[in-house]
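Chemist: Basically the numbering used here = 1-based index in the sequence shown + 152. Below are the structure tokens for one structure; questions will follow.
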Amino acid sequence: MKRPLYLAGGGAVTPAGLNARQTIAAIRASLSAFEEITLAEPFGMPQIVARIPTHRHLRRNEGEWLVNMAARAINEALGTDGPGVAAATALLITTPESFRNHPGFVDIPARDFLAAVVDATGLRFHHASRVIDGGAAASVGLIERALALMEEQGVAQVLLGGVDSLVNHTDLGRLSRTGRLQGADNAQG
């Protein structure tokens, strides 16, 4: 018989807030961070996006940006900087789907992503920690795996989540070519 699985905390980095509390408060207050940018492909086309506000030293390149977002949310969700808590915690992180050729993996290859995130947190996590290809929404499918880690590998808790950013020229160009961006011809985007 499987034991119950409890949600013990959370972390977030979103355009609406740099942590879960800010994000929830902004949503409740109906605030947004939408802005208009000019696309490179097709050149000059305006597009509404929601960017996460950041200092330039946190976003020197797309790979470093993904790592910094993940590390910030992990540290928030963990709720402590105690090394014992981190060592008993496994990370299951979903990253942008490999078919997208996300520009973040030019700077930090997917195989090195977990090590980069762990380094950015300044903590050591359980050896069962993994990065899984599949996009941020794929983390929902990993709930059974999280439970198995706790039941079979002595993991005290699992931090389960995803990291992604669609606001880059590669993804915006691909979405534009396939007619999936909001515009005059596609009101839903």
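Virtual Cβ for every residue (Gly too), placed ideally from N, Cα, C.
If you measure between the beta carbons of L244 and L312, is that distance less than 8 Å?
Modeler: Reading the sequence shown from its first residue, position 92 is the one you call residue 244. Reading the sequence shown from its first residue, position 160 is the one you call residue 312. In contact: L244 and L312 (Cβ atoms closer than 8 Å).
Chemist: Which residue comes first and which comes last in the beta strand (DSSP E) that contains L244?
Modeler: Looking up residue 244 in the sequence shown gives position 92. L244 -> beta strand (DSSP E) spans T241 to T247.
Chemist: Go through its chain and collect everything with a Cβ distance to A238's Cβ below 7 Å, but skip five positions before and after it.
Modeler: The sequence position of residue 238 within the sequence shown is 86, counting from 1. Closer than 7 Å at Cβ, skipping near neighbours: L230, L275, R276 and F277.
Chemist: G215 and I176 look like a contact to me (Cβ under 8 Å); what is the Cβ gap, rounded to whole Å?
Modeler: Translated into the one-based positions of the sequence shown, residue 215 becomes position 63. Translated into the one-based positions of the sequence shown, residue 176 becomes position 24. About 28 Å separates the two Cβ atoms, so there is no contact after all.
Chemist: Specify, as a first and last residue, the run of the beta strand (DSSP E) that E193 falls within.
Modeler: Position 41 of the sequence shown, counting from 1, holds the residue named residue 193. Premise fails: E193 is in no beta strand (DSSP E) and is neither H nor E.
Chemist: On a CA-only basis, which of E303, E304, F195 and I284 is nearest D316? Give me that one, please.
Modeler: Taking the first residue of the sequence shown as 1, we reach residue 316 at position 164. That would be I284, whose Cα lies nearest to the Cα of D316.
Chemist: CB A240 to CB G163, shorter than 8 Å?
Modeler: As a first step, residue 240 is located in the sequence shown; it is residue number 88 there, counting from the start. As a first step, residue 163 is located in the sequence shown; it is residue number 11 there, counting from the start. Going by C-beta atoms, A240 is not nearer than 8 Å to G163.
Chemist: Between the region 287-300 and the region 205-223, are three or more C-beta pairs nearer than 8 Å?
Modeler: no
Chemist: Can you tell which of E193, L183 and F186 has its C-alpha closest to the C-alpha of T330?
Modeler: As a first step, residue 330 is located in the sequence shown; it is residue number 178 there, counting from the start. Selected option, being the one with the closest Cα: E193.
Chemist: Just confirm the distance between the C-beta atoms of A185 and A172, as a whole number of angstroms; I'd bet it's less than 8 Å.
Modeler: Position 33 of the sequence shown holds residue 185. Position 20 of the sequence shown holds residue 172. Going by Cβ atoms, the distance from A185 to A172 rounds to 16 Å, so no, they are not a contact pair.
Chemist: Within 10 angstroms of its Cβ, does P156 collect 16 or more other Cβ (buried), or is it exposed?
Modeler: Within the sequence shown, residue 156 is the residue found at index 4, counting from 1. It is exposed - the Cβ of P156 has fewer than 16 other Cβ atoms within 10 Å.
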